[in-house]
Amino acid sequence: MNEHNKFTTAEIVIGGMFTLCIDGISALLDLTVIGMVVAIPLQAGTSFGTTLWLMSKGSKRAT
Numbered sequence: 001m002n003e004h005n006k007f008t009t010a011e012i013v014i015g016g017m018f019t020l021c022i023d024g025i026s027a028l029l030d031l032t033v034i035g036m037v038v039a040i041p042l043q044a045g046t047s048f049g050t051t052l053w054l055m056s057k058g059s060k061r062a063t
């Protein structure tokens with residue numbers, strides 16, 4: 001009864017691709033003048049979202 005929700009392969013692939021896309025967008029923004037203004041909060045928000053996603057799966061130690 002104490003079963004944790006497990007990640008499926010699709011969730012891992014989609015989550016990894018989402019994070020990779022955000023990093024790519026941030027890298028492109030770093031080439032422009034607005035990179036420092038936009039890229040840092042964008043990456044921080046992505047890290048926060050990933051943390052919430054991991055916590056929602058039931059494993060508090062994963063973060």
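Residue numbers (the UniProt record's numbering): 1 to 63.
Think of the CB as a built atom: it goes at the ideal place given N, C-alpha and C, for glycine as much as any other residue.
What number of angstroms, rounded off, separates the C-alpha of residue i from the C-alpha of residue j?
i          : j     : result
residue 64 : LEU31 : Beyond the ends of the chain as shown, which are 1 and 63, falls residue 64; an answer cannot be given.
ALA44      : GLU11 : 21 Å
residue 85 : ALA27 : Absent from the model: residue 85. The displayed extent of the chain is 1 to 63, so no value can be given.
VAL37      : LYS57 : 32 Å
MET55      : GLY15 : 14 Å
Put residue i into one of helix, strand or coil per three-state DSSP.
i     : result
THR9  : helix
ILE14 : helix
Just to confirm, is the Cβ distance from residue i to residue j under 9 Å?
i          : j     : result
residue 92 : THR51 : Since the displayed the chain opens at 1 and closes at 63, residue 92 lies outside it and no answer follows.
List in chain order: all unbroken alpha helix (DSSP H) runs of 4+ residues lying wholly within the region 16-58.
For the region 16-58, whole alpha helix (DSSP H) runs of length 4 or above, ordered along the chain, are 35-56.
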